[in-house]
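Take a look at the structure below.
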Amino acid sequence: MGGFYLPGLLLWASQFSLALVALALLLCLTGSYTVMIVLRRAVVLHGARRLSWLLALCMCFGADVWATHFIAMLAFNPGLPVYYNAVRTALSILAAVVGALPAFALLLWRPAVRFVWGWAGLLLGGAIGAMHFIGMSAMDLRGSFGYSPAAVVASLAYGVVAVSLAMRAMQKAGAAGAVQAGMLLAAAICGLHFIAMAGLRISPGTVWSTALFVTGTDKSDLAVAVACVSLLLLVTSLISATTDSKLVERQLEARRLWHLS
């Protein structure tokens with residue numbers, strides 16, 4: 074397939090708006106830390122409460138991964154007009170949320186499984202990869218595009234390893250463990266995205282690559298809107314997990330004092 078390939082760092086970096094990349098990174102760090110806090114909250118719960126927090130956890134993970142990807146894609150400027158297929162974009166969000174479900178369920182209900190952090194990392198890395206490549210298929214431009222097979226394999230392998238390390242770091246007690254795990258998860262999400270993007274090949278043409286597309290919205294405005302909505306969801310989840318944990322601690326302390334009286 075003819076076209077151009079983005080192998081060089083300087084050439085590759087010139088394809089992106091650094092301001093929007095920075096916004097994506099900030100959102101990813103916030104979202105990844107939130108995922109770890111919500112995961113820690115879900116671990117200590119049982120029954121229906123754990124199930125409800127599992128669903129919230131998957132939503133946070135999906136919002137984190139998808140919003141990071143989408144803003145980073147809005148930062149991408151290949152020199153051609155790029156729009157996005159709404160249906161495939163929605164499917165990419167679903168892939169992240171649904172793909173996270175078995176991984177977090179394994180961590181919550183089967184924590185004693187040997188190398189559980191590795192199995193969870195494999196599933197979560199796969200979910201991030203599925204979201205990325207389904208999201209990439211939503212790109213609509215005049216021409217066609219494909220990937221370097223080596224970049225695809227490298228991005229997926231990197232994502233799985235980095236997420237596995239994040240899940241292992243979660244086993245460390247205290248705030249330091251959550252921060253380290255959050256940073257590793259953010260590194261997994263961003264690393265998978267940009268390694269895969271480094272292997273993107275685009276061939277300019279005259280035919281739109283897909284039929285449905287979103288138009289009429291400035292990239293910066295859309296990126297800020299996505300970031301605001303995602304941050305609202307993530308910060309709300311972070312506050313809920315923190316306050317719920319403190320409320321339970323106070324209830325337990327009140328019961329202890331009542332029994333002592």
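Sequential numbering from 74 applies to the sequence shown in our numbering.
Using N, Cα and C, we set each Cβ at its ideal position, and we do this for glycine too.
Keep in mind the model is a prediction, meaning the values are calculated, not measured.
Local Cβ density within 10 Å of Thr288, reported as buried at 16 or more and exposed below that
Low confidence applies here, because Thr288 scores a pLDDT of 45, under 50, leaving its location unreliable and the question unanswered by this model.
Return the CA-CA distance between Thr309 and Leu102, expressed in angstroms with no decimal places.
15 Å
Cross-strand partners of Arg122 (DSSP beta bridge)
BP columns for Arg122 are empty, so no partner.
Distance between Met109 and Ala230 (C-alpha atoms, nearest Å)
22 Å
Rounded to whole angstroms, what's the CA-CA distance from Leu180 to Thr141? Just pull it up for me.
24 Å
Between Ala335 and Ala193, what straight-line distance do the alpha-carbon atoms span, to the nearest angstrom?
Lying outside 74 to 334, the shown extent of the chain, residue 335 is not represented and no answer is given.
Whole angstroms is fine: what's the gap from Gly232's alpha carbon to Gly199's?
8 Å
For Pro184, which of helix, strand or coil comes out of DSSP?
coil
Where Gly219 and Ile275 are concerned, what is the direct C-alpha to C-alpha distance, given to the nearest angstrom?
7 Å
Can you list, in chain order, the residues of its chain whose CB lies under 7 Å from that of Ser165, leaving out five sequence neighbours each side?
Trp139, Met204, Ile207, Gly208, Ala211
Alpha-carbon to alpha-carbon, Trp126 and Leu112
8 Å
Does the Cβ of Ala261 lie closer than 6 Å to at least one heavy atom of the ligand MG?
Questions concerning the ligand MG fall outside what the structure shown contains, since it holds no ligand whatsoever.
If Ala224 and Ala271 are in contact, beta carbons under 8 Å, what's the gap, nearest whole angstrom?
6 Å
If you check the beta carbons only, do Ile262 and Ala227 fall under 7 Å apart?
no
Is the CB-CB distance between Phe143 and Gln88 below 7 Å?
no
Please name the residue in Ser90, Leu99, Lys245 whose C-alpha comes closest to that of Cys301.
Leu99
Short check: CB of Gly191 to CB of Ser221, under 7 Å?
no
Taking the alpha-carbon positions, what's the Tyr156 to Ser303 distance?
21 Å
Per DSSP, which one or two residues make a beta bridge with Ile268?
Answer is none; Ile268 lacks a bridge partner.
Determine the contact status of Ala145 and Ala97, defining contact as a CB-CB distance below 7 Å.
yes
Roughly how many whole angstroms lie between the Cα atoms of Asp213 and Arg122?
42 Å
Inter-residue CB distance, Ile201 and Leu153 (contact presumed, cutoff 8 Å):
At roughly 26 Å, the Cβ-Cβ gap does not stay under 8 Å, so Ile201 and Leu153 are not in contact.
If you draw a straight line from the C-alpha of Thr107 to the C-alpha of Leu273, how long is it?
31 Å
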